[in-house]
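Counting from 1, one number per residue, gives the positions in the sequence shown under the UniProt record's numbering.
Ideal placement from N, C-alpha and C gives every residue a C-beta, glycine not left out.
These numbers come from a predicted model, not from an experiment.
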Amino acid sequence: MNLPGFGFTRRSVFAGLGGTVVASLLPDFALGQQAATASTTVIDVTRARTDPVPIAVPDMAGASPDAQRVGRDIARVIQANLRNSGLFRPVDRQAFIQTPETAAANPRFQDWRVIGAHALTTGRVEESGGRLRVEFRLWDVLADTQLQGTAFTAPAAQWRRIAHLISDVIYERLLGEKGYFDTQIVYIAESGPRDRRTRRMALMDQDGENHRFLTDGSFQALTPRFHPTARQVAFMSYFRNQPRVYLFNLDSGQQQVLGSFGGMTFSPRFAPDGRSVILSASRGGDANIFVVDIASRRERQLTSGGSLDVSPCYSPDGTQIVFNSDRGGDQQLYVMSADGGGARRISFGNGRYATPVWSPRGDLIAFTRISGGQFAIGVMRPDGSGERILSEGWSMEGPSFAPNGRVLAFYRETPARDARGGGYSSRLAQIDIAGFNERQMVTPTDASDPAWSPLLS
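Set out below in C-alpha cells:
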C-alpha cells in the first residue's frame, strides 16, 4: 500500500515499510576458553577477499559412533560457514593425509602444508547423557603453532550452535574482526498470488537452518526488526486490518501493540539501548517520526511538517538518526540529531533513496536507490561521501547489516517467467560491503524484509 505520491517499490509497498515460539538458549550452555599458545596471527581482510585463506577443517574425533557423527556434522557446518563468507577457502577433504583422530591428538603440520593449508582446525567430541563437550583447536600450519584452544559444553541438541560459535572464533582469530555466524535472521515469508499475497513473519539461523514461522498468515506482517537482546522483534502488523507497530516476544510468542496513534504506524526500529522504538506515523497527508518509550508507552514527536519522513534508524551510539524524506521535493536521505534537530541531506546521487540503515560499526549507512528504472543496494559514509553501489537489479530493497558490519542482507525480486499478469519471485541475498560474494539465502518460500540479529552469545 502506498501513501499518495510516495511510491517506491515495484510491488507498491510503501517505501520504508519495506507461529512457532523460539526457545531461548538453555542456561546450562557454557563456553570455556583457553589461552592461545602463540603470538597473534591476523590475515588482512582486503587480502582475504582476493586470496581466501586456505583452511583445513577435518571431522572432529569422537570415542563413540554418536560422538563421531556429531563431530562430522559440526565440521561440515564450520566449513560451510567459512566458505560462504568468501574469505576462506576450505581445502578439499579428499586431499587430507592425516586422519581426524591422529590430528586431534597431535597434528603433523607437514601433512597439512603439503596440501596447501595455512590454517587447521582439530577437535574432539564427548557425548554423555544428552550433553556434549566439544574441544576445539585452531592451528597456524605455517608456523607449527596453536592459535586457539576452546571448549564448549551444551545440550546435544545445540550442536549446530556450537559449530557457529567455533566459526566465529576462527573468523575473529584469523581476520581480526568479530564473526557473524552465531546469529539469526527474521524476515517476511511470502506466498500466494500477487494480488492476494500472504506475508508471515519467520525466523531462521543465518545459514537458513532451524527455520520457523512466527505468525500464521491470518494477518499481514512487514518490516521485522530485532531488539538489541535478540529476544524481541518490532514489526508492522495488519492485525484486524489496522496497520500498527507491534512487539513480538520470541520466548513467549506473545505480541502487543505499541501505542495508540490514531493513524498508521510503520517502519519501527529499536533504539541502541533497547528502551524505546523509533517509528513513523501517518496522520492526514503526511508522515512523521516518533520515539515511543517501551515501559511507559509515552511518545515524542521528532519531525513535523507536510513531508513524508519515514524509515528512521539510530546510529550505534544513539546520538543521530538517519531517515528518508521527500521534504526537498523527492525521496532522499537525511541525518538529524537524536532529539530531531539539525536535519541535513546526505544523498546527492542520481535517483531516489530509501530504507537507510546504520552499520553497527558506525562508519557506513546502507540504502536502497532507484534510478532510471533500476534498483540498487549501496553504502555511503554518514556525511554522504564515498557512495558505492554494491548490487543492482530489476528490484531490490531492505538492506540489513550483520552485527560485525561486514555483510549486508537484502531482498531481490525477479520477474517470474512462468507467471501471468506481472508475477515475480522474491528472495533474500547477502553481499560483502566491498561488493563481492553476493549469494542467495535459501528460504522455503518467497522472502523479503530481512533483519539480522545481534550476536546471540
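Measuring CA to CA, which of the options is closest to residue i?
i: alanine 48; options: Leu247, Ser448, Asn437, Ser453; result: Asn437
i: arginine 381; options: Trp159, Ile389, Gln374; result: Ile389
i: arginine 361; options: Gln440, Asp317, Gly398; result: Asp317
i: alanine 202; options: Val45, Ala221, Arg83, Gly192; result: Ala221
i: histidine 211; options: Arg197, Ser218, Gln184, Ala230; result: Gln184
i: tyrosine 424; options: Ala117, Asp195, Pro58, Thr102; result: Asp195
i: aspartate 273; options: Arg137, Ala230, Arg133; result: Ala230
i: valine 379; options: Ile431, Ile115, Gly393; result: Ile431
i: asparagine 241; options: Gly217, Gln158, Glu177, Met204; result: Gly217
i: alanine 143; options: Ala338, Trp112, Arg345, Gly130; result: Trp112
i: serine 191; options: Phe270, Asp449, Pro444, Ala451; result: Pro444
i: tryptophan 358; options: Ser276, Pro58, Asp251, Ala451; result: Ala451
i: serine 337; options: Phe348, Asn350, Thr355, Val291; result: Val291
i: phenylalanine 219; options: Met204, Gln206, Arg225, Ser237; result: Ser237
i: proline 399; options: Arg244, Asn288, Pro224, Val442; result: Pro224
i: aspartate 446; options: Val57, Val141, Arg197; result: Arg197
i: glycine 262; options: Asp326, Trp139, Arg244; result: Arg244
i: valine 186; options: Gln232, Ser282, Gly285, Ala154; result: Gln232
i: leucine 428; options: Arg345, Ala189, Thr122; result: Ala189
i: leucine 408; options: Phe367, Thr414, Ala416, Asp383; result: Phe367
i: residue 460; options: Gly351, Pro356, Glu387; result: Limits of the chain in this structure are 1 at one end and 457 at the other, which puts residue 460 out of reach.
i: tyrosine 246; options: Gln254, Gly253, Ser252, Phe235; result: Phe235
i: valine 169; options: Arg269, Ala156, Trp139; result: Trp139
i: phenylalanine 348; options: Gln332, Pro356, Gly340; result: Gln332
i: alanine 157; options: Arg131, Thr122, Asp251; result: Arg131
i: glycine 372; options: Gly386, Asp363, Leu364, Glu392; result: Glu392
i: glutamate 127; options: Asp207, Val70, Arg200, Ile43; result: Val70
i: valine 57; options: Arg76, Thr46, Ser64; result: Arg76
i: alanine 67; options: Gly329, Arg124, Val114; result: Arg124
i: glycine 116; options: Ser252, Phe88, Arg161; result: Phe88
i: valine 45; options: Asp73, Lys178, Pro415; result: Lys178
Could you spell out where the beta strand (DSSP E) holding residue i opens and where it closes?
i: glycine 449; result: Rather than glycine, the amino acid found at residue 449 in this sequence is aspartate. Residues 446-452.
i: tryptophan 358; result: 352-358
i: threonine 414; result: 407-415
i: phenylalanine 266; result: 264-270
i: valine 277; result: 276-283
i: valine 45; result: Note, valine 45: premise wrong, no beta strand (DSSP E); alpha helix (DSSP H) at 45-50.
i: phenylalanine 88; result: 88-90
With respect to the alpha helix (DSSP H) encompassing residue i, which residues constitute its N-terminal and C-terminal limits?
i: valine 442; result: Careful: valine 442 lies outside any alpha helix (DSSP H) and carries neither H nor E.
i: glutamine 68; result: 65-85
i: glutamine 255; result: Per DSSP, glutamine 255 belongs to no alpha helix (DSSP H); it is in the beta strand (DSSP E), 255-257.
i: leucine 174; result: 159-175
i: phenylalanine 348; result: Where phenylalanine 348 is concerned, there is no enclosing alpha helix (DSSP H), given that its DSSP letter is neither H nor E.
i: phenylalanine 109; result: 109-113
So for residue i, helix, strand or coil by DSSP?
i: serine 457; result: coil
i: glutamine 34; result: The pLDDT assigned to glutamine 34 is 40, lower than 50, so where the model puts this residue is not dependable; a value taken from the coordinates is nonetheless given after this. The answer is strand: DSSP assigns glutamine 34 an E or B state.
i: isoleucine 433; result: coil
i: glycine 130; result: coil
i: tryptophan 394; result: coil
i: alanine 343; result: coil
i: phenylalanine 8; result: The predicted model places phenylalanine 8 with a pLDDT of 37, which falls under 50 and marks its position as unreliable, so this point remains unresolved.
i: arginine 427; result: strand
i: alanine 95; result: helix
i: alanine 338; result: coil
i: alanine 402; result: coil
i: asparagine 106; result: coil
i: serine 260; result: coil
Can you pull the DSSP bridge partners for residue i?
i: glycine 378; result: Phe367, Ile389
i: glutamate 101; result: DSSP output for glutamate 101 lists no bridge partner at all.
i: glutamine 146; result: Trp139
i: threonine 121; result: Leu138
i: proline 155; result: Arg131
i: alanine 56; result: Leu120
i: glutamine 184; result: Asp205
i: phenylalanine 248; result: Val233, Gln255
i: glycine 62; result: Val125
Comparing the C-beta of residue i with each C-beta of chain B, is any distance below 8 Å?
i: glycine 62; result: Any reference to chain B falls outside this structure, which holds one protein chain only.
Worksheet item: For the stretch 285-335, which segments carrying the alpha helix (DSSP H) assignment without a break, of at least 4 residues, lie completely within its bounds, in sequence order?
Response: none
Discussion item. Which runs of the beta strand (DSSP E) at least 3 residues long sit entirely within the stretch 191-246? Give them in chain order.
Written reply: 198-205, 221-226, 232-237
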